[in-house]
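By the working numbering, the letter at position 215 of the sequence shown is numbered 245, and the numbering carries on one by one without gaps.
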Amino acid sequence: MKKPALLVTLFLASLLSYSQKDKVYTSLEEALKNPADVFILALNNKKLTEIPESIFSLTHLTALDLAGNKLSAVPDKIMQLKNLSELNLSNNKFNSLPESVTQLVSLTELDLSNNNCSFLPGTITNLSNLKILYFNNNKIASFPDFLSKLSNLSEIYLYGNIINTIPESISKLSNLTEIGLGGNLLSALPESMSSLTRLKYLALSYNSFTVIPNCIVKLNNLTVLDLNGNKLTALPESIGKLSRLAELYLESNKLTTLPESITQLEGLTTINIKENPAIKLSPAVKNFIEDIKM
31 MKKPALLVTL FLASLLSYSQ KDKVYTSLEE ALKNPADVFI LALNNKKLTE IPESIFSLTH
91 LTALDLAGNK LSAVPDKIMQ LKNLSELNLS NNKFNSLPES VTQLVSLTEL DLSNNNCSFL
151 PGTITNLSNL KILYFNNNKI ASFPDFLSKL SNLSEIYLYG NIINTIPESI SKLSNLTEIG
211 LGGNLLSALP ESMSSLTRLK YLALSYNSFT VIPNCIVKLN NLTVLDLNGN KLTALPESIG
271 KLSRLAELYL ESNKLTTLPE SITQLEGLTT INIKENPAIK LSPAVKNFIE DIKM
């Protein structure tokens, strides 16, 4: 049986270990003094044009933030960071996802937003543990079929690209809970998306939808639906089937009315119908919306 004093010592050691793992180092010089204690390194906005080689000696790193620099390449030595699970390369000068990054098989979160990437390489499927992918504000023209192989993906954000179609294969991403596709060129969605039963958040703002795709009203767990800035003239009666919907954004469309079935959305806490100048609401719908805003 362990003595109380020993238990206290072990408990304090455990706390210290956790606190070390949570510490964010913002100076490479400081980090290199105690490399074994460095788990999180944030060198964002340091005007770096290349990644300092000394970083690759920090083999305990689990999170590396290099956002807001002037990077355009990632050396192969990054593969020495075998424990790396989070990598932020947003706001740099990348033209594509570096091949070296696709070898970081422990990655669970990757951010390459705000670069100049025009495609996703097939080798991204090496990242079989990836759960969260940010690729906002690039120049991606298509949602590649091979992304469906990343079966652990739970969140994918592709805001501000030039995507005009979503493949049927998206249905294979059965763990998806959040999809951000705002600011693209979409006007339709594949019917197969209705099988994404875990989906809670769907952002389709500022696309070219004239009608709500039928697959959306079959997403029974959806809690947030953002359709701001499209060309919708009406909502289907079936919108009332989204029983878990809490937030509905319809600003800046061409709506002329809302269906009575919208009053069936008893969990709705937020609805935005601003900038729909021609909209006319029935008394029941008007009262329903006013009750939400109170």
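Idealized CB from N, CA, C, for every residue including glycine. Small disclaimer: the values here were computed from a predicted structure and weren't measured.
| Item | Value |
| --- | --- |
| Look at the alpha carbon of serine 172 and the alpha carbon of threonine 287, and state the distance between them as a whole number of angstroms. | 33 Å |
| Could you spell out the range, first to last residue, of the beta strand (DSSP E) harbouring alanine 72? | 70–72 |
| So, at 8 Å on beta carbons, what are the nonlocal neighbours of leucine 249 in its own chain, with the 5 sequence-adjacent residues on each side left out? | Met223, Ser224, Leu226, Thr227, Leu229, Leu232 and Leu272 |
| In whole angstroms, what separates the C-alpha of tyrosine 187 from that of asparagine 166? | 6 Å |
| Cutting at 7 Å between CB atoms, please list the residues of its own chain near leucine 183, excluding the five before and the five after it. | Leu160, Lys161, Leu163, Leu203, Asn205 and Leu206 |
| Write down every uninterrupted run of the beta strand (DSSP E) in the stretch 59–103 whose length is 3 residues or greater and which is fully enclosed by it, in chain order. | 70–72 and 93–95 |
| So what's alanine 171 in DSSP terms, helix, strand or just coil? | coil |
| Beta-carbon separation of proline 4 and serine 126 under 8 Å? | The question about residue 4 has no answer here: the residues shown for the chain are numbered 31 through 324. |
| Could you name the residues of the same chain whose beta carbon sits closer than 7 Å to that of serine 282, not counting the 5 residues immediately before and after it, in chain order? | Asn258, Gly259 and Glu305 |
| Quickly, what does DSSP pair aspartate 256 with across the bridge? List them, please. | Ala233 and Tyr279 |
| If I'm right that leucine 25 touches glycine 270 with Cβ under 8 Å, what's the distance once you round it to whole angstroms? | This structure does not reach residue 25, given that the chain is present from 31 up to 324, and the question cannot be answered. |
| Checking the sheet assignment: what are the DSSP bridge partners for glutamate 139? | Glu116 and Ile162 |
| Which stretch, first to last residue, makes up the beta strand (DSSP E) that contains isoleucine 186? | 185–187 |
| Taking 8 Å as the limit between beta carbons, can you name the residues of its chain near aspartate 321, skipping five residues before and five after? | none |
| Do leucine 157 and leucine 180 count as a contact pair if the criterion is CB distance below 8 Å? | yes |
| Could you tell me how far apart the beta carbons of threonine 253 and glutamate 277 are, in whole angstroms, since I believe they sit closer than 8 Å? | 7 Å |
| So alanine 314 and threonine 293 are supposed to be a Cβ contact under 8 Å. How far apart are they, rounded? | 6 Å |
| Between lysine 63 and the ligand GTP, is the CB less than 7 Å from at least one heavy atom? | This structure simply doesn't include the ligand GTP, nor any ligand for that matter. |
| Assuming serine 148 and lysine 169 make a contact with CB atoms under 8 Å, what is their CB distance in whole Å? | 4 Å |
| Ends of the alpha helix (DSSP H) at asparagine 317? | 313–323 |
| On the three-state DSSP scale, how would you describe glycine 212? | coil |
| Please return the same chain residues whose Cβ sits closer than 7 Å to the Cβ of threonine 153, not counting the five positions on each side in sequence. | Glu129 and Thr132 |
| Give me, in chain order, the residues of the same chain whose beta-carbon lies closer than 6 Å to that of leucine 213; leave out the 5 immediate sequence neighbours on both sides. | In the sequence as displayed, the identity of residue 213 is glycine instead of leucine. Tyr189, Gly190 and Tyr236. |
| Sort Leu285, Thr300, Lys323 and Leu298 by Cα distance to leucine 311 and report the nearest one. | Leu285 |
| The beta strand (DSSP E) that contains isoleucine 301, what's its start and end? | 300–302 |
| Sorted by chain position, which residues of the same chain lie with C-beta nearer than 7 Å to leucine 298's C-beta, five sequence neighbours on each side aside? | Leu275, Ala276, Leu278 and Ile322 |
| Report the three-state DSSP secondary structure of valine 241 (helix, strand or coil). | coil |
| Buried or exposed: which applies to proline 82, given that a residue is buried once 16 or more other Cβ atoms fall within 10 Å of its Cβ? | exposed |
| Please report the distance separating the alpha-carbon of leucine 73 from that of alanine 97. | 7 Å |
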